[in-house]
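Position 271 of the sequence shown, counted from 1, bears residue number 271 in the UniProt record's numbering, the numbering being contiguous throughout. Even for Gly, the Cβ is constructed at its ideal location relative to N, Cα and C. Remember, it's a predicted structure, so these values are computed and weren't measured experimentally. This report concerns only the one structure given below.
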Amino acid sequence: MERFITRSNSVGKRPLEGPVDTSEWKIPKFTLPAAEQNKPIPVKTSNQFSVLRSVKPQETDVFAARLKAASTPKRKSGHIPPIILQMKPEWTHDTIKNLVLKHTKNFDLQYRSNNKIVISCYSPESHQAVKEGFQANDLAFHTFPRKDEKSYKAVIFGLPAYTEDSLAEELEILGFKDAKLRRMKLPADNNKGNDFCPPILAQLPAGSDFSKFLKIRYISNCVVQIQKYQAKNPFGTQCFRCQGFGHSSRNCNLSPRCVKCIESHPTSECPKKDRTRPAQCCNCKGDHPANFRQCIERQKYLKLIQARQDQIKATREAKISPKIRNVDGRSWNSVVAANKTELSTTEAQSQIGTEDQTTADMLAILMTIKSIKKQFVTCNSMMDKVILILTHLGKYV
Numbered sequence: 001m002e003r004f005i006t007r008s009n010s011v012g013k014r015p016l017e018g019p020v021d022t023s024e025w026k027i028p029k030f031t032l033p034a035a036e037q038n039k040p041i042p043v044k045t046s047n048q049f050s051v052l053r054s055v056k057p058q059e060t061d062v063f064a065a066r067l068k069a070a071s072t073p074k075r076k077s078g079h080i081p082p083i084i085l086q087m088k089p090e091w092t093h094d095t096i097k098n099l100v101l102k103h104t105k106n107f108d109l110q111y112r113s114n115n116k117i118v119i120s121c122y123s124p125e126s127h128q129a130v131k132e133g134f135q136a137n138d139l140a141f142h143t144f145p146r147k148d149e150k151s152y153k154a155v156i157f158g159l160p161a162y163t164e165d166s167l168a169e170e171l172e173i174l175g176f177k178d179a180k181l182r183r184m185k186l187p188a189d190n191n192k193g194n195d196f197c198p199p200i201l202a203q204l205p206a207g208s209d210f211s212k213f214l215k216i217r218y219i220s221n222c223v224v225q226i227q228k229y230q231a232k233n234p235f236g237t238q239c240f241r242c243q244g245f246g247h248s249s250r251n252c253n254l255s256p257r258c259v260k261c262i263e264s265h266p267t268s269e270c271p272k273k274d275r276t277r278p279a280q281c282c283n284c285k286g287d288h289p290a291n292f293r294q295c296i297e298r299q300k301y302l303k304l305i306q307a308r309q310d311q312i313k314a315t316r317e318a319k320i321s322p323k324i325r326n327v328d329g330r331s332w333n334s335v336v337a338a339n340k341t342e343l344s345t346t347e348a349q350s351q352i353g354t355e356d357q358t359t360a361d362m363l364a365i366l367m368t369i370k371s372i373k374k375q376f377v378t379c380n381s382m383m384d385k386v387i388l389i390l391t392h393l394g395k396y397v
């Protein structure tokens, strides 16, 4: 029966809680509206470049051009050739310096014999300004072409003769405008088979991309081969204006001299029109024209050029030649070869009377060491002794 008796009869129920005491005040809970809970909190930012002015659209191209120019590597102007000025007797050092200062501020002067002054500039612009200024003042000088003034020459092989007329247009399409073209004349022995496809000499103006021109492989749908022109002039360079050697008439402003006589006038104005009287050289005063290949002054010039080339070649070979250790003026090869007294394995076998290969090799090594022990006295360092041993016993190692 007890299991049927409920607990509620024996255990009292929990008393009900009374109502909330309204006399005591409490802070109510604060909750945001649904719309404000999803609203992002703003982040305060600042622009440190706000003090700078805004760039106008037309100024963007200017800045881009300046940036491109600054990032593009500048091509080196190369060697700036000197200007050789002929000095007048009444000139002083200040006179010469003021003549050059009119055109450039950065220069050096070097006085040489025969009243000549070498003017060295340091930029192509200053070199061009001095040259043009001296020409305007009709001063006697000569110089040499700069790298940016030189025209490039190349030989084109593989084009038929009838395409020569349209070759200039084809090169212009490829980006090489104003190229001078001329068919080359070859000796009779070397002209076999070249009548149909003669070599063509192309002279490009200064500033052309010569490396790009040499890479051309097709012209007028023909396979061609382009090579750099190698000038073969064993008689040196002679000026047509002053008849001097070593420079050309394009960069010469010296007094003109005739090739047929010793007078100071251009060759075209020479009064000598007949060949009854012999010509006279203005360089050596000999009975021949100034462009005679066997002229004494020309031979002196050629010998001077050859001596300079030999000196440059010797200097270049001395830089690349390996350093050889010498003993008393002799190389190690000659020292060791003179005292080399090693024995071969066959000789050791014949002297010892054994047929065992290993034993014979060991005996040959010992006999070789015994024969070179006297040479150890002449060795100054351990490295010398090692070289001596390896020279005689290298094949056994």
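- Of the residues assessed, Phe144 falls on the buried side of the cut-off, its CB having 16 or more other CB atoms within 10 angstroms.
- The DSSP-derived three-state label of Ile84 is strand.
- A direct Cα-to-Cα measurement between Phe134 and His142 gives close to 10 angstroms.
- For Cys222 against Leu159, the beta-carbon gap comes to about 6 angstroms, under 8 angstroms, which counts as contact.
- By the Cβ test, the stretch 276 to 290 is not in contact with the stretch 222 to 235, since fewer than three Cβ pairs between them sit closer than 8 angstroms.
- The stretch 124 to 169 is shown to contain whole beta strand (DSSP E) runs of 3 or more residues at 141 to 143, 152 to 157, in chain order.
- At a Cβ-Cβ threshold of 7 angstroms, Val155 and Pro199 count as neighbours.
- Judged by their CB atoms, His247 and Cys258 are not nearer to each other than the 7 angstroms cut-off.
- By the criterion of at least three beta-carbon pairs nearer than 8 angstroms, the stretch 41 to 53 is not in contact with the stretch 107 to 123.
- Within the stretch 192 to 261, the alpha helix (DSSP H) runs of at least 4 residues that lie entirely inside it are, in chain order, 210 to 214.
- Under the three-state reduction of DSSP output, Leu302 falls in the helix class.
- The Cβ-Cβ distance between Leu167 and Leu181 falls below 7 angstroms.
- If you check the CB distance, Gln225 and Ala290 do not come in under 7 angstroms.
- If you draw a straight line from the Cα of Leu390 to the Cα of Thr359, it comes to about 20 angstroms.
- Per DSSP, Lys116 is not a residue of any alpha helix (DSSP H); the beta strand (DSSP E) it occupies stretches across 116 to 121.
- Gln110 sits in a strand when the DSSP states are folded into three classes.
- Arg183 and Glu169 do not touch by the CB rule: their CB atoms are close to 17 angstroms apart, not below 8 angstroms.
- Beta bridge pairing from DSSP links Leu181 with Ala202.
- 7 angstroms or more divides the Cβ of Ala206 from the Cβ of Ala179.
- Excluding the 5 residues flanking it on each side, Phe245 has same chain C-beta neighbours closer than 6 angstroms at Gly236, Gln238, Tyr301, in chain order.
- Gln311 and Arg275 have their C-alpha atoms spaced approximately 43 angstroms apart.
- No Cβ-Cβ contact shorter than 7 angstroms links His127 with Ile84.
- Restricting attention to Leu171, Arg316, Leu139, the CA atom closest to the CA of Ser255 is found in Leu139.
- Bounds of the alpha helix (DSSP H) holding Thr358 are 357 to 372.
- The three-state secondary structure of His93, taken from DSSP, is helix.
- In the three-state DSSP reduction, Glu269 falls in the helix class (H, G or I).
- A straight-line Cα-Cα distance of about 27 angstroms links Val62 and Asp209.
- Scanning its chain for C-beta atoms nearer than 8 angstroms, with the 5 sequence neighbours on each side dropped, one finds around Lys102 the residues Gly133, in chain order.
- Looking at Lys385, Asn137, Phe176, the one whose alpha-carbon comes closest to that of Ser151 is Phe176.
- The straight-line gap separating the alpha-carbon atoms of Lys153 and Gln306 is approximately 25 angstroms.
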